[in-house]
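Numbering (our numbering), first residue to last: 930 to 1301. Note that beta-carbon positions come from the ideal geometry of N, C-alpha and C, so glycine has one too. Structure first, then comments.
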């Protein structure tokens, strides 16, 4: 047996002796590199304990050849997180110091699991202070045509007089991958990391974006601030996803499983938001045929918030607005004319069709109504 293997064997025996002798309150028998919260899975939530313990030191572990298997612990560190987990789990590479190389092991081992994985405790979504992560500043989005690139601001919102300060936050953003060609998160976490006193982790997988932000050490920051921009590119062909060609498709973007810690490593309540994107196909009508415009009609502005102007090359005697579910409201019926203005401020935001009828035929034009 070579010296390296002998040392590993001795360390494991020592850990067993400690556990049997009860000399430590929590004898830790092994560390799974990157699993800083010791729940049996390596993921973005592990960045938070590494950030909180950053710069702390303790007994180094005897290294093994692989960083993807649990490693024996000869001696636990003297400090525990408020969750009860020992600081030794934040020392992913076992060199006796919690530092940047430990963050790198989260990325290396991301997604690896032990046979037993314990559920994490997340921040309560019942936030008395109103703290939340907002999507698009909490505002509705207008309907988007296929192929559109949509930028959604992501922000941490807190009341101006709320004294809560965050040390770190992690969550997962979910979406329907079949609806988008590409989804990327561009970080701009100036509020939490502007002074360089922290780090971040972003991981993409189909239908999910995993994000974690942390300060270095117990060094929380108060107030609200930007997190970044979610850029989503809607697929070019929505027809196959629509029940009928004129339907709009709802696609939800949501934030799930928030863990936010304060300077004492206690969970902070934060509300989880949801944002609905509505998308439509620009090449079809409610009956699945090419949209006619025999009257040479034009709409402006489009999208519209309140006052809509309608003009046509050929006269129309009937003007109607049609919703995507087929409900029809007549804006005008009477003598032939070439122009009309319609007040639409009371019309709910969404996708509609303007239908004009005259002696030369029919025009059907798509209209997007903005929320005021």
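Residue i - containing alpha helix (DSSP H), residue span
{"i": "residue 1090", "result": "Taken as a continuous stretch (DSSP letters only), residue 1090 belongs to no alpha helix (DSSP H), as it is neither H nor E."}
{"i": "residue 981", "result": "976-981"}
{"i": "residue 1120", "result": "1119-1122"}
C-alpha distance - residue i paired with residue j, whole-angstrom precision
{"i": "residue 1180", "j": "residue 1252", "result": "19 Å"}
{"i": "residue 1238", "j": "residue 1076", "result": "27 Å"}
{"i": "residue 883", "j": "residue 1004", "result": "The displayed coordinates of the chain run from 930 to 1301. Any statement about residue 883 would go beyond what the structure contains."}
{"i": "residue 1209", "j": "residue 1222", "result": "19 Å"}
{"i": "residue 1126", "j": "residue 1145", "result": "6 Å"}
{"i": "residue 1064", "j": "residue 1113", "result": "15 Å"}
{"i": "residue 1086", "j": "residue 973", "result": "21 Å"}
{"i": "residue 1192", "j": "residue 1091", "result": "15 Å"}
{"i": "residue 1094", "j": "residue 1002", "result": "34 Å"}
{"i": "residue 1205", "j": "residue 1000", "result": "45 Å"}
{"i": "residue 1248", "j": "residue 1137", "result": "45 Å"}
{"i": "residue 1270", "j": "residue 1236", "result": "7 Å"}
{"i": "residue 1167", "j": "residue 1110", "result": "11 Å"}
{"i": "residue 1100", "j": "residue 1141", "result": "7 Å"}
{"i": "residue 1018", "j": "residue 1102", "result": "26 Å"}
{"i": "residue 1170", "j": "residue 985", "result": "53 Å"}
{"i": "residue 954", "j": "residue 1152", "result": "Any answer about residue 954 is weak, because its pLDDT of 32 lies below 50 and its placement is not dependable; what the coordinates show is given next. Whole-angstrom Cα-Cα distance: 38 Å."}
{"i": "residue 1041", "j": "residue 1047", "result": "13 Å"}
{"i": "residue 1207", "j": "residue 1279", "result": "8 Å"}
{"i": "residue 1262", "j": "residue 1275", "result": "20 Å"}
{"i": "residue 959", "j": "residue 1165", "result": "50 Å"}
{"i": "residue 1149", "j": "residue 1120", "result": "11 Å"}
{"i": "residue 1258", "j": "residue 1250", "result": "5 Å"}
{"i": "residue 1163", "j": "residue 1242", "result": "34 Å"}
{"i": "residue 988", "j": "residue 1024", "result": "8 Å"}
{"i": "residue 969", "j": "residue 1045", "result": "6 Å"}
{"i": "residue 1290", "j": "residue 1074", "result": "27 Å"}
{"i": "residue 1224", "j": "residue 1232", "result": "21 Å"}
{"i": "residue 1088", "j": "residue 1058", "result": "7 Å"}
The beta strand (DSSP E) enclosing residue i, as first and last residue numbers
{"i": "residue 1287", "result": "1279-1287"}
{"i": "residue 1163", "result": "1154-1163"}
{"i": "residue 1249", "result": "1236-1252"}
{"i": "residue 1128", "result": "1127-1134"}
{"i": "residue 1112", "result": "1109-1116"}
{"i": "residue 1181", "result": "1177-1190"}
{"i": "residue 1228", "result": "1227-1229"}
{"i": "residue 1258", "result": "1257-1272"}
{"i": "residue 991", "result": "Premise fails: residue 991 is in no beta strand (DSSP E) and is neither H nor E."}
{"i": "residue 1203", "result": "1203-1209"}
{"i": "residue 1141", "result": "1137-1144"}
Buried or exposed by the 16-neighbour rule on C-beta atoms within 10 Å, applied to residue i
{"i": "residue 1124", "result": "exposed"}
{"i": "residue 1072", "result": "buried"}
{"i": "residue 1294", "result": "buried"}
{"i": "residue 1020", "result": "buried"}
{"i": "residue 1060", "result": "buried"}
{"i": "residue 1139", "result": "buried"}
{"i": "residue 1115", "result": "exposed"}
{"i": "residue 983", "result": "buried"}
{"i": "residue 1229", "result": "exposed"}
{"i": "residue 1078", "result": "exposed"}
{"i": "residue 1202", "result": "buried"}
{"i": "residue 1098", "result": "buried"}
{"i": "residue 975", "result": "buried"}
Closer than 7 Å to chain E by CB, residue i
{"i": "residue 1112", "result": "This model lacks chain E altogether, as it is built from one protein chain only."}
- Task: Answer yes if the region 990-1004 comes into contact with the region 1147-1161, meaning at least three C-beta pairs across the two stretches below 8 Å, and no otherwise.
- Result: no
- Hey, which unbroken runs of the alpha helix (DSSP H) at 4 residues or more fall wholly within the region 1020-1072? 1029-1038
- Validate contact between the region 1113-1132 and the region 1182-1200 using beta carbons, cut 8 Å, 3 pairs: no
- Query: Is the number of C-beta pairs between the region 1032-1046 and the region 1007-1014 that are closer than 8 Å three or more?
  - Reply: no
- Query: Do the region 1096-1108 and the region 1256-1266 meet, that is, are 3 or more Cβ pairs less than 8 Å apart?
  - Reply: no
- What runs of the beta strand (DSSP E), each 3 residues or longer, lie entirely inside the region 996-1022? none
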